[in-house]
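In the working numbering, the protein residues as written are 12 to 606.
Built from N, CA and C at the ideal position, the CB exists for glycine as well.
A quick write-up on the structure given underneath.
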RNA sequence: GGUUCGGUAGCUCAGCUGGAUAGAGCGUCAUCCUUCUAAGAUGAGGGCCAUUGGUUCGAAUCCAAUCCGAAUCACCA
């Protein structure tokens, strides 16, 4: 149990016992003591002054004395300042903690709890390569899955590929017309980029046709509908749905190019999935559910025989779930997919990593699932993340301001290489080792940059700042790890038992600061899982690195004042490396032994 | 117009289940490598926490209103 939790429980018990006043543990407020006062944690007394009709000083003294008497292993002393009961945690407690963490290679991880959780993320379209926004999605999804695993859940990572629809047909039409049989191989282009290029070519051609029609006197609306290339695209979609062999074949070929490209990107950025779903196989799902919904009177039919749900009672609108021609819409598919996945994975909780532009859609989806009483409906969570914008504003494909994922990763690796070469610390590395290191650092910088911000918030990607390797960055944390490892290599392993001769030794402030920080790790991991928020861990891991660096600059480990101190500091350093490694791992970031 | 989210240092962000003098990083200025990795450390400077009112012992945090910004409200996906 965490120190804070122990203090809360002890304080609640004290108040109950001393004043015969039962109080919820959660009602006790405990903060870190400000550095200028003596103590580690402070119990806020104001809340009870009124209820217990005693002055803060009186309360503090009585509660403090009780706590010391009944929790002598935890609490060494206390003092009261302006309504705050400052508690000094016993040095022995911290020393013991150092041993416990040192001997637990899974420190921060929880035992399996048997809960099954499905995480859906990435979900690309097959007409365009991945961009910066997809990277945020992929890093968030992968990380939240790891964080949930670390908290003992069984996690299933899934991905739904949007591989059908008009947008795909656009690329196909453009390829037919403009490619002259070119392939990714013949042009030496990555498959997803190759197909994306034809999507762009479609739009260029379409634009020209519309302009021509407008010049001939058509209205813009008519021109957009009547442009020959658009009509051809719509015909192609119909042919696809009818299963016309040559269209299906082209569709399969072009999609296979895209998957080839995506596969490479996923491998580079470390995304993986337990199960891939393809919309082409799923878009008919949910038809049965429409029937079921009608029977349950959750849905109703309008006179044109389209099917709707009325969500005005929930403050939303009426929503179409089936067109009058009997075809299903986007949301119907999603309902079907939700049910199907529940049957496959039996996950009580499903987390959908989807941009905040779909907040409304996800709200509707959950509501409908609940009204249909689908199992697992209450466990649907939308991990809604904000858009990634550039300093100049939103990325727009039409204006060519989209930051391509592959380009960005490549640029990060190059900067990692350049920086590493400048510093010249790993001149003895082999070619393979060097490439591995550039990958670790470059990708680490990128992942950390995208994960260190609260997912809910939109963020600004500043190319200048993101490639900074100093301060609140991935490489800073990685560097700290490498630094610790370097020290550990130069010393024999630390003692795994209680270091003799330390019981009476006062911990130095910086030694204690590091231990206090390390002790928070399990709490932070749990918080990050509960809030679906990897940024909590990024911030935490940075704090650990920072505090260690302060400690390191002040106190020598190798040449400590005594052998006992040396052992303790080796333990502390080892624990820091361990916590940094584990914390970074759940963010999807490797840490090097040297850099 | 309705709904939702946001507005904290020059910039990027923490802090938001109310608690002590609002914190980091970047950038600026100044120190520290013959001693464990300087991708580091230390210090200085930088703030009407959008505005106004309310709730109370106490508000960046909760409530209301206002201003500014974003997303969304498709028989698109």
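In the three-state reduction of the DSSP assignment, residue 347 falls in the helix class. Taking the CA atoms as reference points, residue 570 sits about 10 Å from residue 580. Counting of Cβ neighbours within 10 angstroms places residue 405 among the exposed residues, the total staying below 16.
Under the three-state reduction of DSSP, residue 127 is assigned to strand.
Residue 558 sits in a helix when the DSSP states are folded into three classes. Secondary-structure assignment with DSSP links residue 170 through a beta bridge to 287. Here the segment 536 to 548 makes no contact with the segment 519 to 527; the two share fewer than three CB pairs at distances below 8 Å. Just so you know, the alpha carbons of residue 228 and residue 220 end up roughly 13 Å apart.
With contacts defined by Cβ atoms closer than 9 Å, residue 408 and residue 206 do not form a contacting pair. Under a 10 Å Cβ-count criterion, residue 589 is classified as buried, with 16 or more other Cβ atoms of the shown protein chains found around its own Cβ. Proximity to residue 199 across 502, 271, 338 and 415 peaks at 271, based on C-alpha coordinates. Under DSSP, residue 43 shares a beta bridge with 52.
Residue 477 is positioned such that its CB atom lies no closer than 9 Å to that of residue 582. When C-alpha distances from residue 396 are compared across 558, 446, 431 and 150, the shortest belongs to 150. Boundaries around residue 360 are those of the beta strand (DSSP E), 360 to 366, since no alpha helix (DSSP H) includes it. Leaving aside the five residues that flank residue 161 on each side, the residues in its chain whose CB is nearer than 6 Å to its CB run, in chain order, 120, 536 and 597. The segment 109 to 126 makes no contact with the segment 339 to 357, as fewer than three CB pairs between them are under 8 Å. With a cutoff of 9 Å on beta-carbon distance, residue 420 and residue 454 are scored as near each other.
Taking one beta carbon from each stretch, the segment 383 to 391 and the segment 296 to 313 have 3 or more pairs nearer than 8 Å; the two touch. Residue environment for residue 111: exposed (fewer than 16 other C-beta atoms within 10 angstroms of its C-beta). By the criterion of a C-beta distance shorter than 7 Å, residue 309 is surrounded in its chain by 320, 382 and 383, once the five residues flanking it on both sides are discounted. Per DSSP, residue 459 is one residue of the alpha helix (DSSP H) stretching across 442 to 462.
For residue 404, the pairing in a beta bridge is given by DSSP as 401. Residue 193 and residue 435 have their alpha carbons spaced roughly 44 Å apart. Counting the other CB atoms within 10 Å of its CB gives residue 314 a total below 16, which places it among the exposed residues. Burial is judged here by how many other beta carbons sit within 10 angstroms of a residue's own beta carbon; residue 145 has at least 16 and is buried. Contact annotation, residue 584 with residue 558: C-beta distance approximately 12 Å; criterion of less than 8 Å not satisfied. Comparing alpha-carbon positions, the option among 159, 251, 266 and 191 lying closest to residue 204 turns out to be 266.
DSSP places residue 110 in the uninterrupted alpha helix (DSSP H) bounded by 102 to 113. Exclusion of the five residues before and after residue 166 leaves 128, 130, 156, 159 and 160 as the residues of its chain whose Cβ lies within less than 7 Å of its Cβ. By the neighbour-count definition (other C-beta atoms within 10 Å, threshold 16), residue 142 is a buried residue.
CA-CA distance, residue 25 to residue 31, rounds to 9 Å. Beta-bridge analysis with DSSP links residue 319 to 311 and 331. Taken through DSSP and simplified to helix, strand or coil, residue 31 comes out as coil. Taken in chain order, the unbroken stretches of alpha helix (DSSP H) that lie wholly in the segment 232 to 273 and span 4 residues or more are 239 to 253.
Apart from sequence neighbours up to five positions away, the residues of its chain that approach residue 114 with a beta-carbon distance below 8 Å are 507, ordered along the chain.
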